[in-house]
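Participant:
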Amino acid sequence: DAFRMLGTPAARDFVLPASTHAAQFLRKITFRDSVGSTLDIGTGCGVHALLAARHSEHVIATDISESALRYTAFNAALNGIENVECRAGDLFEPVAGESFDLILSNPPFVIGPGGEYTYRDSPLELDGFCAALASTALAHLNEGGHLQMLSEWAGIDGEDWRERVTGWVGNSGCDTWILHTGSLPAAEYVRRRRSDISGPNEAGAATDWLDYLADRNVNSIVAGVITLRKRSGGNWQQTLSISGGIEESASFALRRCFDAQDFLELCSDDASLLEAVLQISPKIATEPRTDSGSGQPTSVLVRRGDGLPVIAELDLAVMVFLQQLDGQRSLSEAISRFAQLTETDVKNVQSELVAAARLFITQGFVEPV
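Residue numbers (our numbering): 37 to 405.
In structure tokens, the structure reads:
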């Protein structure tokens with residue numbers, strides 16, 4: 037078992053197998069459009085480079101670990117893949133002056149005082165490595181190209197985590213979609229990360245790790261996937277939280293997220309959105325909730341069913357509104373119909389329901405026709 041190496045001196049240059057949760061998550065979320073060029077930063081065993089070789093004319097796989105590059109070259113040869121090129125170096129140093137249609141990375145994102153385990157520990161302060169990767173990617177993306185990377189970032193006292201991670205990109209000429217997969221209090225994060233390491237040389241005493249985070253006002257660690265799309269013109273930033281694991285179709289679902297946000301940007305004012313014809317996504321499932329005592333319905337649990345586990349609990353009145361989005365009525369007509377059914381004045385509910393429609397489009401519960 038290769039994982040028995042963890043916590044021993046040999047693990048400092050360990051190359052993780054393709055079966056890890058992080059590797060599989062990035063595999064499922066990666067866009068698989070045919071592209072000319074792909075870059076895999078921190079390739080490890082080469083799983084993402086080899087998968088990208090199927091839909092890329094040329095793939096460059098980089099890593100600071102010579103062992104990782106040997107594994108990647110071996111795995112490519114073993115599978116008869118000839119369009120993967122391995123280069124040694126940090127971040128974008130091996131590809132200076134080059135640009136790509138797709139950049140992938142499962143980087144060393146673990147936040148702590150260590151840094152000795154190159155396969156997982158961030159080599160820069162806190163989340164600095166992921167910040168450097170995201171902020172530098174624009175210069176290496178072709179127009180319309182994407183960066184997709186896993187990341188963890190610090191939850192700082194008094195700071196919104198959304199502002200922290202979107203601040204890495206800023207007004208960079210990219211659309212930004214942050215898929216938030218979870219957050220852990222600092223103490224629980226340290227406990228789980230230390231449990232990843234077995235053997236006598238555990239990665240730092242818990243007290244040292246907690247002191248490191250506390251000294252930097254870190255109260256939690258946030259995890260997610262950052263997807264950037266280089267696009268000239270006005271750019272947008274969006275976040276979406278998911279609950280649970282993703283499915284094989286997650287990349288298609290994420291593509292729909294981009295389409296949805298592009299649509300909302302076109303309908304940036306309420307008047308435009310009110311004219312749009314919307315429908316409930318055919319890929320959502322609903323589950324009525326009832327009062328445990330009376331058995332009367334109280335709310336409806338709505339689940340996105342296209343590969344991204346987005347869940348929301350809606351009250352019954354909101355569900356009535358959703359049911360008016362039938363793919364035939366404009367949003368304005370749907371709001372008028374809702375007002376009739378609930379005997380309310382359109383003027384009193386229109387702005388609130390337009391805002392709700394925007395949120396439901398972002399969440400993937402509603403889509404334009």
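C-beta atoms are modelled at their ideal positions from N, C-alpha and C, and glycine is treated no differently.
1. E403: buried (16+ other C-beta within 10 angstroms of its C-beta) or exposed?
2. With distances taken Cα to Cα, identify the nearest neighbour of L367 among S335, A307, P318, A321.
3. Below 7 angstroms CB to CB, which residues in the same chain sit around W189 once its five sequence neighbours on both sides are set aside?
4. For N407, which of helix, strand or coil comes out of DSSP?
5. For the segment 162-237, list the alpha helix (DSSP H) runs that are entirely contained and at least 4 residues long, ordered along the chain.
6. Would you give the residue range spanned by the alpha helix (DSSP H) that C293 belongs to?
7. Using the Cα positions of G180 and H84, report the straight-line distance between them to the nearest angstrom.
8. Per DSSP, what kind of secondary structure is V51 in: helix, strand or coil?
9. Count the CB pairs spanning the segment 271-289 and the segment 362-381 that are closer than 8 angstroms, and state whether there are at least three.
10. Once you ignore the five residues that flank N178 on each side, which residues in its own chain have a CB closer than 6 angstroms to its CB?
11. Taking C-beta to C-beta, are D298 and L264 nearer than 8 angstroms?
12. According to DSSP, what are the bridge partners of L75?
13. Relative to the ligand ATP, is the shortest distance from any of its heavy atoms to the C-beta of L314 smaller than 7 angstroms?
14. With a cut-off of 8 angstroms on the beta carbons, I'd call S256 and G150 a contact; round off their distance for me.
15. By DSSP, does V405 sit in helix, in strand, or in coil?
16. Starting from the C-beta of D69, find all residues in its chain whose C-beta is less than 7 angstroms away, skip the five residues before and the five after it, and write them out in chain order.
17. In this structure, how does DSSP classify R365 when only helix, strand and coil are distinguished?
18. Quick one: complete beta strand (DSSP E) runs, 3+ long, within the segment 301-354?
19. Starting from I257, follow its DSSP beta bridges and name the residues at the other end.
20. Considering just the uninterrupted stretch of the beta strand (DSSP E) at L276, what are its terminal residues?
21. G329 to S335, Cα distance in whole Å?
22. Helix, strand or coil for D126, going by three-state DSSP, please let me know.
Facilitator: This is what the structure gives:
1. Result: buried.
2. A307
3. The residues are D163, C166, W197, R200, V201, V258.
4. Given that the chain is displayed from residue 37 to residue 405, the structure contains no residue 407 and the question cannot be resolved.
5. 164-172, 197-205, 222-231
6. Segment 286-302, the alpha helix (DSSP H) holding C293.
7. Looking at the two C-alpha atoms, the distance is approximately 20 angstroms.
8. coil
9. no
10. Excluding residues within five positions, the ones whose Cβ falls inside 6 angstroms are S135, D137.
11. no
12. I96, I139
13. With respect to small molecules bound, the structure shown includes none, and the ligand ATP cannot be examined in it.
14. Actually they are not in contact, since the Cβ atoms of S256 and G150 sit about 19 angstroms apart, beyond 8 angstroms.
15. Here V405 sits in coil by DSSP.
16. If we look at D69 and ignore the five residues flanking it on each side, its Cβ neighbours are H91.
17. strand
18. List check, beta strand (DSSP E) in window: 313-316, 320-326, 333-340, 347-351.
19. A190, L220
20. 273-277
21. Between the C-alpha atoms of G329 and S335 there is a straight-line separation of about 15 angstroms.
22. coil
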